[in-house]
Structure formats: C-alpha cells, structure tokens
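Asker:
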Amino acid sequence: MTGILSIDRRRFLAGAAALGSLAAPSVPLFAQTQKRGGTLRMSVDQAVAKLNPLLVRVNPEYLVAELLYSSLTRLGLDMAAAPDLAESWSSSADLTEWTFKLRQGLTFHDDSQCTAADVVATFEAILDPKTASPARQNVGPIEKVTATDGVTVVIKTTAPYADLPVALAYTNAKIVPAAVIKAGLARLDREAVGTGPFKLVSFEPERLVVVERNPAYYDRNRPYLDRVQVVIYPDPTAEVSALMAGDTDLMLNTIPTEFGRLQKAPGVKALRTPSGQFCNINFGCDKPPFNDIRVRQALALTIDRAALVDYVAEGYGTPGNDTPLNPAYRFHRDLALKKPDIAKAKMLLAEAGHANGLAATLIASDRPSVRTQLAVAVREMAKPTGLTINVETMPHSTYLDQVWKKGSFYIGFYNMQPTADAIFALLYTSNAAWNETRWNNPDFDKVVSAARTTIDEAKRRELYGQAQQLMHDQVPSIIPVFFDLLAAQRLAVVSLVVFGITQVLPADAAVMMLGENATPESLAALRERLGLDAPVWLQYGRWLGGVLQGDFGVSLRTGQAVAAMMVEALGRSLLLAGLSIGLMLFVAVPLGIVAAIRHGRMADLVVSVMSYVGVSFPEFVTATLVVLVLADWLQLLPATGYVPPTENLWLALKHLAMPVMTVSVILVAHVSRMVRSELVDVLHTDYIRAARLKGLDGRTVLFKHALRNALLPTEPRPAGNPGGCADHGGDLFGREFSGRHGVCLDRQEDPV
Numbered sequence: 049m050t051g052i053l054s055i056d057r058r059r060f061l062a063g064a065a066a067l068g069s070l071a072a073p074s075v076p077l078f079a080q081t082q083k084r085g086g087t088l089r090m091s092v093d094q095a096v097a098k099l100n101p102l103l104v105r106v107n108p109e110y111l112v113a114e115l116l117y118s119s120l121t122r123l124g125l126d127m128a129a130a131p132d133l134a135e136s137w138s139s140s141a142d143l144t145e146w147t148f149k150l151r152q153g154l155t156f157h158d159d160s161q162c163t164a165a166d167v168v169a170t171f172e173a174i175l176d177p178k179t180a181s182p183a184r185q186n187v188g189p190i191e192k193v194t195a196t197d198g199v200t201v202v203i204k205t206t207a208p209y210a211d212l213p214v215a216l217a218y219t220n221a222k223i224v225p226a227a228v229i230k231a232g233l234a235r236l237d238r239e240a241v242g243t244g245p246f247k248l249v250s251f252e253p254e255r256l257v258v259v260e261r262n263p264a265y266y267d268r269n270r271p272y273l274d275r276v277q278v279v280i281y282p283d284p285t286a287e288v289s290a291l292m293a294g295d296t297d298l299m300l301n302t303i304p305t306e307f308g309r310l311q312k313a314p315g316v317k318a319l320r321t322p323s324g325q326f327c328n329i330n331f332g333c334d335k336p337p338f339n340d341i342r343v344r345q346a347l348a349l350t351i352d353r354a355a356l357v358d359y360v361a362e363g364y365g366t367p368g369n370d371t372p373l374n375p376a377y378r379f380h381r382d383l384a385l386k387k388p389d390i391a392k393a394k395m396l397l398a399e400a401g402h403a404n405g406l407a408a409t410l411i412a413s414d415r416p417s418v419r420t421q422l423a424v425a426v427r428e429m430a431k432p433t434g435l436t437i438n439v440e441t442m443p444h445s446t447y448l449d450q451v452w453k454k455g456s457f458y459i460g461f462y463n464m465q466p467t468a469d470a471i472f473a474l475l476y477t478s479n480a481a482w483n484e485t486r487w488n489n490p491d492f493d494k495v496v497s498a499a500r501t502t503i504d505e506a507k508r509r510e511l512y513g514q515a516q517q518l519m520h521d522q523v524p525s526i527i528p529v530f531f532d533l534l535a536a537q538r539l540a541v542v543s544l545v546v547f548g549i550t551q552v553l554p555a556d557a558a559v560m561m562l563g564e565n566a567t568p569e570s571l572a573a574l575r576e577r578l579g580l581d582a583p584v585w586l587q588y589g590r591w592l593g594g595v596l597q598g599d600f601g602v603s604l605r606t607g608q609a610v611a612a613m614m615v616e617a618l619g620r621s622l623l624l625a626g627l628s629i630g631l632m633l634f635v636a637v638p639l640g641i642v643a644a645i646r647h648g649r650m651a652d653l654v655v656s657v658m659s660y661v662g663v664s665f666p667e668f669v670t671a672t673l674v675v676l677v678l679a680d681w682l683q684l685l686p687a688t689g690y691v692p693p694t695e696n697l698w699l700a701l702k703h704l705a706m707p708v709m710t711v712s713v714i715l716v717a718h719v720s721r722m723v724r725s726e727l728v729d730v731l732h733t734d735y736i737r738a739a740r741l742k743g744l745d746g747r748t749v750l751f752k753h754a755l756r757n758a759l760l761p762t763e764p765r766p767a768g769n770p771g772g773c774a775d776h777g778g779d780l781f782g783r784e785f786s787g788r789h790g791v792c793l794d795r796q797e798d799p800v
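Position in the sequence shown (first residue = 1) + 48 = the working numbering.
Dropping the structure here:
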C-alpha cells in the first residue's frame, strides 16, 4: 500500500471498524483529489476460523464479517444507529413496533436480490436456538419479524425497547440470503454471500483472507480500495516486525508489551485510545467454593487495581471496579474503587470456612498474553490471605473447547458493547448468550429488564446504576482493569509530511550553509547546485528516487553522507543494547536465584525491595540521577561523548557505563522478579521433591533441574516500562478508513 490511513479516535471508540469506505492510499501532499485503488494489508493475531457472520466470535472474524456483510443499521460516531441496508426507520409511540425501509436495488454477492424476505429469514435464523448465534440475546426482545412488501420490514418486540436500532447493528446480525438459510447455513462456512463492500477472493483460516471491491455495493462512491488482505500472525513479535519491515500496512491490535517498540519504530505510528475492553476473572457461582459470596468478595479485596494497570496493561489502561461499565458507557455509575484489604479478606475466608486457606486452579488462555500476566499477578496478590492459586495456561483453541463457558475459575477477555444492556445481556443476566458465571441473580435480571423497557432517561440511569451496584457487591466476576485500544500503522507518507513542513518553515538551507551575510549571487548559485530552485514536486521526486537506491543525501550540518551516519548510529545502538542485556543477565539471574532459595528471608526481602524500586523509576529519572551522582558530584564518569572500542577500550567502556546502567536498571529489576517468582514455584513442584528424595545434591537440583525450567517463562522486555509516566496519545481508526458499518472492534465480544 502506498499511503497512510488517517485515524479517528471517536470512530474507533464507537466501534466503527466497518471497512466499507476504506480509503485509497493517501495521495501526494499537493494533490487536489483523492485517488482510488490499492491494496491494504492488515494483520491480525488470531485465525479467522469462522466465516459465517451469524456465528463469528473473535475480532478478526468480526473484521472479515464487516468487509463482506451488511446489517440493517450500523453505529455512528456518537454510538447512535445510522443507516446501512435500512435507509430509514420509525417506531410506534410505545416503542414496541418498529418499521424499517430498505434501500432500493440491493443485491447479494451472488447477484440475487436482497429484499425484506431475506431480512425476515435472517432474524428467524438468529432467534432459532439451533443456530446458536450470539446475536440471539443481543438484538433485543424481538417477538416477531415480518415483511409487508419487498422493502419494508416490521419488527415487534415483547416490551418497549428504545435501543432496538442500536442493537440491530450487532456484529452477528448480518443479513444473509433466505435461499442460503433454507438450503443450510453450512454453505457460509467456506463461502461469503453478503451485501457488503467487498467480495471474498480466497479464504485460508490460519494464514490469509483476501477480499476485493464489490462493484454492486449500494454506496457507489465506496469503497476506495480495490483489495484488502487480512494476514494472520499468531506470534505478536513477528506481527510487529512485519509492520516495521513494511510487509503489512496496519495492525488491528497490538499487545501492551509490544506497543513501546512500535512507538520507537521509524515509519510507524502507534495508535492508542481509551475503551471499555477488559479482562475479568470469572467465577462459577453455582459450584463450591465460589458459590459462597464471601470467597468471591475476599479474592476481590486482594487485588491492587492500580498496580495491575501498570503490570498487566503496561500503563495503557484504567482500573476496573468489578462491573463491565466504565466511563465510556452512557449509564456508568461512579462507585468507590475497591482497594486491597487483606485483613478483611482473611476474615471473609474464615467466615466461609476457609480459615486455614483455600487452593484453586486459575486457567488462562495464551491469547492475548495479558491474561496469563493477570493470572500470575492475582496469584501473587492472593498469597497473603492464605489463598493458594495455581495458574494453568493453555492454547487458545483448547481454552475455547474445554474451558470457555464450562470452567469455574478462568480469565476472560471482552470488548466494549454499544449499550449497557448489550454487555449485561451478553455476559451476566441469567439468559445471557455467554452466561459464564452462572450467577443467575433474579434481582439483577429484574433491574436490567426494567431498564431495557423503560423510556424515561433518569429512571434507566437509576436502574442500570442498581445493576452495577449488585455486581460490585456480589462479585460474579472480578473486573480489575480496562485496556486502552492499541494498534499501529505504517507511515508510508511520513517523508511527504516532513518534506511539506520544510517548505513552509522560514529557514532557508542555502542561508544556513553560507550564512546571513552571503551575497544573492552566491545564494542563487548554491540553490541551483542543490536543486532548491526546482519545483517542489520535482525536489521531492529526486530525493525519493535517491532513497530507493540507498542514497539518503548529504547532511547540510556535517557534510557527511546520511547513510553512513545512520550505519554509525545503528552500530552504537547495537553495542549499547548488547552490553545492557549482558549486564542484565549477569546481575538479574543471580539476584533472582538468591531471592528464591532464601525465600521469605532477609536476602529475599532486599532483592524484592530493590526490584520494586528499579521498576518504579522511569528511565529518564534513572538517567538524571546517574548523571548527577557519577558525573557531576563524584566525577567518576564522563557525562557526554563517545569513543569507539577499537580506539580505546577503557575510555569506550567509561563513556558507555552510564547509558548501560540506565537501560539495565529496569531490565534487572523486572527479570530478577521473574526469575525469583518462577524459581520459587518450580522448587515446590513434585519433580523437584522427587529429585531431592533421590539424594541429588542441592547444586544439581538447582542448576540442572529447577533453574532450567524456571528460566523458560523469563523474558526480558526492554521496551516495557511499567513505571513510565509518558502519555503516548494517538487517534484510532479514521473516517477515510472506516466510514461505513459501525460495527466494532472495540464493541463486540471476543471470547479470548
């Protein structure tokens, strides 16, 4: 792709990931009209296992469904319903009967006509329990759907329902042909027959999905793109590398631990916006021990929510309060944030009959990785109360088959919904589509149902507030953190933007080189020699042509070739990185080992305090302290400069010492904590006990058996800085990129 996609924060937050108006690559800075054509290469982190739009369940599947299908309505920027296949609608005074008028001349991808009969058949399929569509509980209390003519659909509800037009924008409520439904929905497992802006070209669930522009789409001006390639990258590091290398143009989602890397990558724009996306700790409220409300409340009181924002979300999030509504929702109630209270948690456990402790296994899928991080953090936070939590991680596909909606203690991951009713009806009411907690609270069901059927705004707010209070108090699941949405895109036109800025700045390159006292003749001669007298478009074209051949020009400041300066800078960066990682391994691993084998003693306390202090200091603070102490006060090391190791090794090491220490502090703190934590767990496993019983000496047990396994999960993350305080703002998903369906990447559920 040869351009940049502009990103609009409100659209992403509203859930407008619909790609019907996918923009063409941005045109040159000086062009007057927008060009059409081009291919967008978008990466996702999970397989597109399901193609049937009525059954999709994870973000990449939602994305493909948006490309290929349409709904009656879509979400606008303000989270209100906007026209899609239905160009208008109206309701009865009591909000129990809605009439939708379809656009004229709608066609499916197989060239068959899309009429009101197809809409009726689609909703009958959605409402049929045998279809098992998540939309069944999320399109509202629909009683009956009928067609009065070819373009008129009437929907009757069992009670007043003001949110119906919004609910019909639900991702799984895509319109499919009545003939396909009659013949069997299995056809949609490998084939797409929709009315969306793109048509399916190829479908490889684990590797690549390709779609092309639908010439019969109802909006004749869109989409702008010819094709979209959805590329699957199961490994997040490989996905980031592909974007940085230019193999893809846009990452739909990136994990917090990779976001810092993207922020520093040249030619890449890291994108961030707050959202209602969250991880939760689901309890099976119908089985011991979690059927006892005191056990759930006790575990909730062990959670340090502010700390989890730093540890799990890497600072890119906000604390949760055990309700799925945060300030992004219209009817959010501001409740006092729960804080850790170990004494009260112990008291509750004792009252529940667990005064001597309680053991449980917490299951986490490996996708996204924040779930495993949350599970490990919860395990550590719960230990002081006597709760022993064993963390079990499994592949995502296994989790979906064996744990999701079946387990009694596991980590869930969910996206924001368009309304409060949608998120409650999806997860927490007794008849929820994904009633994972089996909380089945009649009082909660009653207030949610009343809010759904109430027209009065103030009354709805009060009822939804009561629902949140019930969840906050009874804790069917712990919701400790909400995640900012993180994505990234290639900045293929960064050079255009920078070049354009240089044209409007008052500075003159010729004057900078020759000085203010240069004669007009000498300035004119230099401008001619440098090509600065040529038209702007020609100047840029010459420069870009040189770049494509590896010639970046000559620095006006130093007179050196820019390419050579880049190579020199890269060498210094690699040297700094290598020394920092070496120092980290040399210091962090031994510290972690000492803390683990001296678990609970003074050495463990000292190492733990040091690691917490190290993690707490941002790098700019560490750098300032190091310079003040070692260079300014003690004058032991030089504060500036660089000496190549080939010239003088001792001086080179002195100049590198402070940068290496600055970079290594957080690495040492993080890795030593990881080594300690993992080694403590390994040393208490059965096979280690067996090795000791066999008579093996402590050194052999430690280094040959325990340490080898403890180091496997230990991963240094130079880019992760939980103590950092910079706010890296960014706008997500642009008008040009997503101006059609209002679906949602942020809004729809993702059972990962």
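Yeah, the Cβ is synthetic: ideal placement off N, Cα and C, and Gly gets one too.
1) Measuring straight from C-alpha to C-alpha, what distance separates His520 and Ala348?
2) With distance defined between alpha-carbon atoms, name the residue in Tyr209, Pro568, Ala164 and Ala134 nearest to Ser497.
3) Please go through the same chain and pick out, in chain order, the residues whose beta-carbon is closer than 7 Å to the beta-carbon of Thr670, but skip the five residues on each side of it.
4) Would you please state the rounded distance, in angstroms, between the beta carbons of Val92 and Ile280? I believe it to be under 8 Å.
5) Here's a check: name, in chain order, each residue in its chain whose Cβ is nearer than 8 Å to the Cβ of Ala164, leaving out the five neighbours to either side.
6) Looking at C-alpha atoms only, which residue of Ile341, Leu701 and Ala611 is the closest neighbour of Leu627?
7) Report the option in Thr147, Pro524 and Phe530 whose CA atom is closest to the CA atom of Asp340.
8) Do you know whose CA, among Ala612, Asn404 and Asp295, lies nearest Thr87's CA?
9) Which residue from Arg649, Ile459, Phe379 and Leu586 puts its Cα closest to that of Ala515?
10) Classify Leu697: buried if its beta carbon has 16 or more other beta carbons within 10 angstroms, exposed otherwise.
11) Check whether the region 685 to 695 touches the region 728 to 737, counting contact only when three or more Cβ pairs, one atom from each stretch, lie closer than 8 Å.
12) Applying the criterion that 16 or more other CB atoms from any shown protein chain within 10 Å of the CB defines a buried residue, is Ile471 buried or exposed?
13) Is the Cβ-Cβ distance between Leu533 and Thr285 less than 8 Å?
14) According to the neighbour-count rule (16 or more other Cβ atoms, all chains shown, within 10 Å of its Cβ), is Val228 buried or exposed?
15) Determine the extent of the alpha helix (DSSP H) in which Gln311 is found, giving its start and end residues.
16) Is Arg508 buried or exposed, if buried means 16 or more other CB atoms sit within 10 Å of its CB?
17) How should Asn269 be labelled, buried or exposed, when 16 other C-beta atoms within 10 angstroms of its C-beta is the threshold for buried?
18) Would you identify the three-state DSSP class for Tyr266, choosing helix, strand or coil?
19) Just checking my contact of Gly242 with Leu116 at CB under 8 Å: how many whole Å lie between their CB atoms?
20) Assign Arg646 to one of three DSSP states: helix, strand, or coil.
21) Which parts of the region 190 to 258 are runs of the beta strand (DSSP E), unbroken and 3 residues or longer, counting only runs that do not cross its ends?
22) Spatial neighbours of Ala425 within its chain, please: C-beta separation below 7 Å, excluding the five flanking residues on both sides.
23) Would DSSP call Tyr690 helix, strand or coil?
24) If you reduce the DSSP assignment to three classes, tell me which class Asn107 lands in.
25) Suppose you measure from the CA of Val257 to the CA of Tyr265; what does that come to, to the nearest Å?
26) Just the Cα atoms here: how many angstroms apart are Met299 and Ala95?
27) Whole angstroms are fine: how far does the CA of Leu291 sit from the CA of Ala400?
28) For the region 670 to 729, list the alpha helix (DSSP H) runs that are entirely contained and at least 4 residues long, ordered along the chain.
29) Whose C-beta lies closer than 7 Å to the C-beta of Ile190 among residues of the same chain, with five residues either side of it excluded?
30) Could you check the C-alpha separation between Arg415 and Ala739 for me, to the nearest Å?
31) Hey, would you say Arg538 sits closer than 8 Å to Gly308, going by beta carbons?
32) Confirm, please, whether the CB-CB distance from Ser118 to Lys222 is below 8 Å.
33) On the DSSP bridge assignment, give the partners of Ser91 in chain order.
34) Taking only the alpha-carbon atoms, compute the straight-line gap between Val615 and Leu682 and give it to the nearest angstrom.
35) What is the DSSP secondary structure of Val187, reduced to helix, strand or coil?
36) How is the beta strand (DSSP E) around Pro528 delimited, first residue to last?
Answerer: On the basis of the data shown:
1) Using only the alpha carbons, I get a separation of about 10 Å.
2) When only C-alpha atoms are compared, the closest one is Tyr209.
3) Hits under 7 Å: Thr710 and Val713.
4) Yes, they are in contact, since the Cβ atoms of Val92 and Ile280 sit about 6 Å apart, within 8 Å.
5) Only residues of its own chain outside the window of five on either side were considered, and among them Leu150, Ala195, Thr196, Asp197, Gly198, Val199, Thr200 and Val201 have a CB closer than 8 Å to the CB of Ala164, listed in chain order.
6) That would be Leu701, whose Cα lies nearest to the Cα of Leu627.
7) Selected option, being the one with the closest Cα: Pro524.
8) The shortest Cα separation from Thr87 among Ala612, Asn404 and Asp295 belongs to Asp295.
9) Among Arg649, Ile459, Phe379 and Leu586, the Cα nearest to that of Ala515 is on Phe379.
10) So Leu697 ends up on the exposed side.
11) As far as the Cβ criterion goes, the region 685 to 695 does not touch the region 728 to 737, which means the pair count is below three.
12) Ile471 comes out buried.
13) No; because the gap between Cβ atoms is not below 8 Å, this pair is not in contact.
14) Flag for Val228 reads buried.
15) Gln311 -> alpha helix (DSSP H) spans Pro304 to Lys312.
16) Answer is buried; the Cβ neighbour count reaches 16.
17) With fewer than 16 other beta carbons inside 10 angstroms of its own, Asn269 counts as exposed.
18) Residue state, collapsed to three classes: coil.
19) With a Cβ gap of about 5 Å, Gly242 and Leu116 count as contacting.
20) It is coil, neither helix nor strand.
21) Listed in chain order, they are 190 to 197, 200 to 205 and 246 to 252.
22) Result list for Ala425: Leu356, Tyr359 and Val360, in chain order.
23) In this structure, Tyr690 counts as coil in the three-state DSSP scheme.
24) Helix at Asn107.
25) When rounded, the distance between both Cα atoms is 20 Å.
26) In a straight line, the C-alpha of Met299 is about 14 Å away from that of Ala95.
27) Roughly 52 Å between the two C-alpha positions.
28) Listed in chain order, there is nothing to give.
29) Here the set comprises Phe171, Leu175, Ile203 and Thr205.
30) The straight-line gap separating the alpha-carbon atoms of Arg415 and Ala739 is approximately 34 Å.
31) The Cβ-Cβ distance between Arg538 and Gly308 does not fall below 8 Å.
32) Yes.
33) The partner list for Ser91 (beta bridge, DSSP) reads Val279 and Met299.
34) Straight-line Cα distance between these residues: approximately 34 Å.
35) Coil at Val187, not helix or strand.
36) For Pro528, the enclosing beta strand (DSSP E) starts and ends at Ser525 to Arg538.
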